[in-house]
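Enquirer: Per the numbering used here, residue 42 is the first one in the sequence shown, and the count goes up by one each step.
Attaching a single structure in C-alpha cells format; questions to follow.
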Amino acid sequence: MQSQRNTLEIYVGRAVGDGAYPVTARVLETNQSVRSSMVLALSVEELLLAQRWLADGDANDSAVHDFGARLFDALFAGPVRLLYDQLAGDPDRPPAFWIVVDDPGIAQISWELLYDSRRPGFLALSAPFVRGLAIENPTRSRPVTAGPLRVMVASAFPSGLESLESNDEAQAIANALQQTPDGVQITELPHATLSRLQNALREAEQSNTPYHVLHLISHGYADAATGASAVILEDERGAADVVQPAAFAALLSGLGIQLVFLNACSSASMPANNLAPGFAQALLGAGIPILVGMQAPVTTSDALLFTAELYGSLADGRSVDSALLDVRRIAQQRSSDGRTAPAIPVCYTRIMPARLVNAQASMPASPAPAQMQPAVLAAPVSTGTQRACQLWGVVAAIVALVVGIISGYVSMRDFFCAPPVRSGLPTFLGTVCDAIAPQEAPVVVVAPTATPQPRLTGDFKIAVAEFAPADGPGASDASAKASELAHQIYEQLHDDLNRMASDASVPFSIDMGLAPQVVGSIEGDTYQAQVDNAVRRAREINADLLIFGNLDASPDKTVVDAYFYLAPMQLPTAEEMAGAYPLTHVESTGNALDNMVTSSELRSRLLASADGMGRFLFGLGFFNRRQFNEAARWLVEAEQSVPPEHRKQRAVVELFLGSTAAQLGDLPLAHQSYQTALDLDPRFARALLGRGQIDFLLERVAGGCAPGATDVAAIQRALEDYQNALGLTADPLAAIPTKVNLYAGTAYVCLALAEAGDEYWELAQEHLEEVVADYAANGDTRLQYLAAQAQARLGALALALQRAGSIDQAMLASAEGAFEQAAALSRMPGEIALNQLWLAWIQASQSHCEAAQTHAQTAQAAFEQRAALDSTSPAYTDFATQYSQLRDKYVLLLKSQCPSSFAPENIHAAWEAYSFG
42 MQSQRNTLEI
52 YVGRAVGDGA
62 YPVTARVLET
72 NQSVRSSMVL
82 ALSVEELLLA
92 QRWLADGDAN
102 DSAVHDFGAR
112 LFDALFAGPV
122 RLLYDQLAGD
132 PDRPPAFWIV
142 VDDPGIAQIS
152 WELLYDSRRP
162 GFLALSAPFV
172 RGLAIENPTR
182 SRPVTAGPLR
192 VMVASAFPSG
202 LESLESNDEA
212 QAIANALQQT
222 PDGVQITELP
232 HATLSRLQNA
242 LREAEQSNTP
252 YHVLHLISHG
262 YADAATGASA
272 VILEDERGAA
282 DVVQPAAFAA
292 LLSGLGIQLV
302 FLNACSSASM
312 PANNLAPGFA
322 QALLGAGIPI
332 LVGMQAPVTT
342 SDALLFTAEL
352 YGSLADGRSV
362 DSALLDVRRI
372 AQQRSSDGRT
382 APAIPVCYTR
392 IMPARLVNAQ
402 ASMPASPAPA
412 QMQPAVLAAP
422 VSTGTQRACQ
432 LWGVVAAIVA
442 LVVGIISGYV
452 SMRDFFCAPP
462 VRSGLPTFLG
472 TVCDAIAPQE
482 APVVVVAPTA
492 TPQPRLTGDF
502 KIAVAEFAPA
512 DGPGASDASA
522 KASELAHQIY
532 EQLHDDLNRM
542 ASDASVPFSI
552 DMGLAPQVVG
562 SIEGDTYQAQ
572 VDNAVRRARE
582 INADLLIFGN
592 LDASPDKTVV
602 DAYFYLAPMQ
612 LPTAEEMAGA
622 YPLTHVESTG
632 NALDNMVTSS
642 ELRSRLLASA
652 DGMGRFLFGL
662 GFFNRRQFNE
672 AARWLVEAEQ
682 SVPPEHRKQR
692 AVVELFLGST
702 AAQLGDLPLA
712 HQSYQTALDL
722 DPRFARALLG
732 RGQIDFLLER
742 VAGGCAPGAT
752 DVAAIQRALE
762 DYQNALGLTA
772 DPLAAIPTKV
782 NLYAGTAYVC
792 LALAEAGDEY
802 WELAQEHLEE
812 VVADYAANGD
822 TRLQYLAAQA
832 QARLGALALA
842 LQRAGSIDQA
852 MLASAEGAFE
862 QAAALSRMPG
872 EIALNQLWLA
882 WIQASQSHCE
892 AAQTHAQTAQ
902 AAFEQRAALD
912 STSPAYTDFA
922 TQYSQLRDKY
932 VLLLKSQCPS
942 SFAPENIHAA
952 WEAYSFG
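Structure (C-alpha cells):
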C-alpha cells in the first residue's frame, strides 16, 4: 500500500526584468500556496557540466552535491523553503515534488540533481519527483480499471546503427506486468516506421481497443548546438529516419495513449533555446498525460533495468511518479558498471498523481499471464502454415459451439474464457470469448492539468471577468447585459493598451489574451467572498490584475460597481499595496435592461470611468520594474484622465502616487499624495496608514530615534493614524490590523530608543509578536512579508533590550531564531542581506567563526543581487548605508577573533543602523 503524500507543485515562471524567476509553491491536497523568487547564480558552463555528470554517472561526486545544493537553495528560498520544511518534517504525509517550468531558458536544467544538504540527499531519491510544463491544451487521463493493459513495444534498428536488445526488453515488460489486473497485452512492432506505427495505433483505436502505453526502443539524436532532440526510426528501406518531436506528437494525438516511454538516449532532453521542439512540450501539448524518457545516454543493461523496475512498480498499482522513485533508487544500487545514474530517467506529467493503473484493482488473487503478439497491420498473403492455423481456428470454434450446446452456455464460457485457458487459445477463439464475455469499458476520468487552464503569459497579465448580475426577475436578461458591459470594458482597455504601447517605448509585454467569457464571472454572497473568489480565479489563470464587478438593475435605476484585484507579484517592493480596489461606481436612472436610453447612458459613463485605467496599468508596469520616474508620469496622466466625480478611483491613483514618491525618496511628496487620497476618500484606510508611515519616516530621518533629538509628538501622531485606520473602510486583503501592529511596533521601538519610556519596549514586542501570530495562524501569503519584517525587528529587539549589560545565551538564541525566520520569510534580497548579516554577527559573538562567515557570504550575495536591481535610487542608498555600517561592525568583531560577547555600545549602535522602513 502506498503511503499518503502531499504533492508540492512548484511553478517557476518566466524571468522578470530583474532577472529573478517568480516561484509559486502549492500543496495540491490543501491548496496552501506561497510565493517567492529564484535568482540563479549558476553559469552556463556549470549547467553543461551537470549534463556530463549525468552521462558519466558521477552523482556521488562532491561537485555534483555542491551544484545540487546551490540549485536547491535558489529554488527553495524564503516562504517556499518554509513550506518545504513543513512538508519534509511530516512523517505521516511526506512530500512528492512536481516541478513545472515555464521559462525555456532554464527548462534544460537537470532538476533531478536538486540536493538538500541539510537532509543530505537528492530530492529525486527521497521522494517522487516529476516535472511538468505550462501547457494550455486540456488532457484526458484514463487509468486502466478493467480489461488488459495494452502496451505497444515499437523498436527501430536502422542499418548502420548499433542494434538494441528489443526482444529482451519486450519480455521484461511482459514479465513485469503479469500482476496487472486482467493481465496485459504486449504487441511488438519491430522495424518501426512512422507509417507502420501510425497504422497500428489507429487500427487499435478504431476497434475500440486503444493502446494505453507506447514503449519505443530506438536510438536518440541530440543536436549539440541547439540541444534539440529527435528519435531515429526506420524508413521503408530500413535506413535511419530522424523524427522530430512535432511529427511524433502529431502521430500520437487523439489515439488514447496514456504513457509514452521513450527508451532512446537523450530523448527527453530539453532544447536550451526553445521548448517547442522538445518531446516533453510536443507530447504533453498533444494531450499525452505522461512521458518518461532519458536525459542522458544510457547503456542497454541500464535501459533494461529501468524498464523492468518501472513496469514492475506500475503493475503493483503504484503511480508513475512513485514507480519512478523505485527505479531511481534501484538504479543507484544496481547500475551495471558501478555508476550512479538516479537522475537520468525523467518524467513529465500533466496529472498528479500520475496514475496508469487503478490502484484499487491491482494485484488480483490469480494473475493472468501476459499476452505477447505481433502487430497485425494488414491481411497477409496466406502460407500453408497460416491456412492450417486458420482451419484449426474454425474447427476449434465449431467444437466450442458444440460444447456450448451440450454443456450449457455458462459452462463453456467459464471454461474456455477463463484467463489461464484463454491465453493459450488461438486468436480466433479468443475473439469468440470477447463476443460472449465482453470486457467492461474503461472508466474515463477527466484529470486536473499541471497548471490552471487556461493561463495567461507575458510580463503583465490582465484579465476582465464577466460582471455578475443580481438575482431576481429578469436574471437572464441581466446576465446578458452584464456580459456585454464587461466585454465593452475589455475591448476598450485592450485597444487603449495596444495604442499606448505603439506610441511609447514600453519594456514589458502585456497579455490580455483571455476574453471575459473565458474568465467567467466572479460572484459571492458578500463583498469579501467575491474578493476571495477573484483572488482564486486570478491565480488559476495566472493574472496579475483582474477586473470584476456587479450589475444590479431595478425598475428605478441601474447600478454597476466594478473593482480590480492586484496580485502582490507585480509589487515586489511594495507588497502592502496588493489587494482589491474600487474601479468605478456608475448609476443610471431607469432599467438598462429594457430602456435603450438608460443602457446607452450607462455604457458611456462606464467606459468614461475606465478611460484612465490603461495609463494606470502602464504606471504599475513601470513600478514593477523599479522605473519609478516613468511610473509617476503614467500615474499622473491616469489621475488626470479620471472624471472628477469618481473620487474613490482618483484616491486609488493618488495612493499609488504616494508609494511611488516614497520609493523615489521624496517623502514630502508622498505625504501630499496620501493626504490628497484622504481628501478624496476620508475613509480610505490604506491612505491613512500611508500618511502615518510617512510622518514616522520623516521624524526617523530627522531625529534617528536618538535620545533628546526625537520629536516624540510626531511619532505619537503617526501612532494615532495607525489606530484610526482600524475603524476605516478597507478591502479584506488589506490586512489593516496586521499592518497596524507592524507599524506601531516599529514606532514603539523608536520611542524606546529615544528613552521616552521603558514601557515602549514591552509594547513594541507585543505588537510585533501579534504580526508573527497572524501569519502563523493561517499561513496567509499576503501576511508573509509583514511577518518577515516583524521577525527581523524582534531579532534586533532581543539584542537592544540587553544594551545595558552583557548578552546572555537565551537572548542570543531568541535573536538568532528571529533572524533565521526573517531570512526564511524574506522575499527581497535587501532584507535577506541585512538578516543574514545579523546572523553572521550573532555567530561571531559565540566564536562560531565558520558559521559566521557562511552567513556573511550569503549576505554579500544577497547584497549584490539587490545592487543589480537598482543602484541609483534613494531607497538603495539608504539600504547600502545600513548594510555598510552593519558590515563594518561585523568585520571589527571578526578581526578580534570572534569574542564571546558584544560591547553594549556596539549593540545599541548596530540597532540604530537597522532599517525601520
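Cβ atoms here follow ideal geometry from the backbone N, Cα and C, with glycine treated the same way.
Take ALA775 as the anchor and find which of PRO748, CYS791, LEU827, LEU792 has the nearest alpha-carbon.
Expert: Here the closest residue by C-alpha is LEU827.
Enquirer: Tell me whether MET637 is buried or exposed, calling it buried when 16 or more other Cβ atoms sit within 10 Å of its Cβ.
Expert: MET637 is exposed by the Cβ-count criterion.
Enquirer: Based on Cα-Cα distance, which residue from PRO748, ARG727, ALA728, VAL753 lies nearest to LEU739?
Expert: Nearest C-alpha to LEU739: VAL753.
Enquirer: Around the C-beta of ALA280, are 16 or more other C-beta atoms found within 10 angstroms, so that it is buried, or is it exposed?
Expert: Exposed is the call here.
Enquirer: Would you give the residue range spanned by the beta strand (DSSP E) that TYR389 belongs to?
Expert: Segment 386-390, the beta strand (DSSP E) holding TYR389.
Enquirer: Is it the case that the Cβ atoms of LEU934 and LEU875 are separated by a distance below 8 Å?
Expert: No, they are not a contact pair.
Enquirer: Please state the DSSP three-state secondary structure of GLY565.
Expert: The answer is coil: DSSP assigns GLY565 none of H, G, I, E or B.
Enquirer: Report buried or exposed for PRO723, applying the criterion of at least 16 other Cβ atoms within 10 angstroms of its Cβ.
Expert: It is exposed - the Cβ of PRO723 has fewer than 16 other Cβ atoms within 10 Å.
Enquirer: Does the Cβ of PHE456 have 16 or more other Cβ atoms within 10 Å, making it buried, or fewer, making it exposed?
Expert: Bear in mind that a pLDDT of 34 at PHE456, under 50, signals an unreliable position, so the model cannot answer this.
Enquirer: Within 10 Å of its beta-carbon, does ASN782 have 16 or more other beta-carbons around it, so buried, or fewer, so exposed?
Expert: Buried, since its Cβ has 16 or more Cβ neighbours within 10 Å.
Enquirer: Helix, strand or coil: which one does DSSP assign to GLY749?
Expert: Of the three classes helix, strand and coil, the one that applies to GLY749 here is coil, per DSSP.
Enquirer: Tell me which residues share the same chain as SER867 and place their Cβ nearer than 7 Å to its Cβ, disregarding the 5 neighbours each side in the sequence.
Expert: Cβ within range, chain order: GLY119, ALA829, ILE873, ASN876.
Enquirer: To the nearest whole angstrom, what separates the beta carbons of LEU586 and ILE530, a pair I think is in contact under 8 Å?
Expert: Their Cβ separation, rounded to whole angstroms, is 13 Å, which puts LEU586 and ILE530 out of contact at 8 Å.
Enquirer: Keeping to the same chain, check which residues put their C-beta closer than 7 Å to that of SER682; ignore five residues upstream and five downstream.
Expert: Taken in chain order, the residues that qualify are ASP652, GLY653, ARG656.
Enquirer: Do you know whose CA, among VAL601, ARG67, LEU538, lies nearest PHE962's CA?
Expert: Nothing can be reported for residue 962, as the shown portion of the chain is limited to 42 through 958.
Enquirer: Would you grab the beta carbon distance between GLN728 and ASP593 for me? Rounded to a whole angstrom, and I think it's under 8 Å.
Expert: Reading off the sequence, residue 728 comes out as Ala, not Gln. ALA728 to ASP593, Cβ: 27 Å. No contact.
Enquirer: When burial is assigned at 16 or more other CB atoms within 10 Å of the CB, is ALA104 buried or exposed?
Expert: With fewer than 16 other Cβ atoms within 10 Å, it is exposed.
Enquirer: On a Cα-Cα basis, can you pick out the residue from PHE138, PRO748, GLY699 that is closest to PRO394?
Expert: Nearest of PHE138, PRO748, GLY699 to PRO394, Cα basis: PHE138.
Enquirer: Provide the residue(s) that pair with SER77 in DSSP beta bridges, ordered along the chain.
Expert: Partner(s): VAL64.
Enquirer: In three-state terms, what does DSSP make of GLN285?
Expert: Coil.
Enquirer: Check this for me: beta carbons of TYR62 and ILE147, under 8 Å apart or not?
Expert: Yes, they are a contact pair.
Enquirer: Taking a contact to mean a Cβ-Cβ separation below 8 Å, would you say GLN196 touches ALA241 in this structure?
Expert: Going by the sequence as given, residue 196 is Ser instead of Gln. For SER196 and ALA241, no; Cβs fall outside 8 Å.
Enquirer: Counting C-beta neighbours from all protein chains within 10 Å, is the total for ASN670 16 or more, i.e. buried, or is it exposed?
Expert: ASN670 should be labelled exposed.
Enquirer: Could you give the residue range of the beta strand (DSSP E) that holds LEU174?
Expert: Element bounds for LEU174: 170-174.
Enquirer: Report yes if the C-beta distance between GLY499 and ASP552 is below 8 Å; otherwise report no.
Expert: For GLY499 and ASP552, yes; Cβs fall inside 8 Å.
Enquirer: Would you call the region 565-576 and the region 674-694 in contact, with 3 or more CB pairs under 8 Å?
Expert: Result no; under three Cβ-Cβ pairs closer than 8 Å.
Enquirer: Could you pull out every residue in the same chain whose Cβ sits closer than 6 Å to the Cβ of ALA718, ignoring the five residues on either side in sequence?
Expert: ALA692, GLU695, LEU696, PHE725, ALA728, listed in sequence order.
Enquirer: Give a yes or no on whether the C-beta atoms belonging to ALA56 and ASP144 are separated by under 8 Å.
Expert: Result yes, Cβ atoms of ALA56 and ASP144 sit closer than 8 Å.
Enquirer: With a floor of 3 residues, list each beta strand (DSSP E) that falls wholly inside the region 105-137, ordered by position along the chain.
Expert: Here no run is fully enclosed.
Enquirer: Taking DSSP as the reference, what is the three-state secondary structure of TYR252?
Expert: TYR252: coil per DSSP, three-state reduction.
Enquirer: Under the DSSP definition of a beta bridge, which residues are partnered with LEU587?
Expert: Looking at the DSSP assignment, LEU587 forms a beta bridge with ALA504, TYR606.
Enquirer: So if DSSP puts LYS598 in a beta bridge, which residue, or which two residues, is it bridged to?
Expert: LYS598 pairs with THR630.
Enquirer: Taking its Cβ as the centre, do 16 or more other Cβ atoms sit within 10 Å of GLN757, making it buried, or is it exposed?
Expert: Flag for GLN757 reads exposed.
Enquirer: Counting Cβ pairs closer than 8 Å, one from the region 909-925 and one from the region 849-863, do we hit at least three?
Expert: Too few Cβ pairs lie closer than 8 Å, so no.
Enquirer: Measuring only the C-alpha atoms, how far is GLU244 from LEU238?
Expert: The alpha-carbon atoms of GLU244 and LEU238 are separated by roughly 10 Å.
Enquirer: Take PRO797 as the anchor and find which of PRO748, LEU824, TYR784, GLU811 has the nearest alpha-carbon.
Expert: Position check: residue 797 holds Ala in this sequence, whereas Pro was assumed. Out of PRO748, LEU824, TYR784, GLU811, PRO748 has the C-alpha closest to the C-alpha of ALA797.
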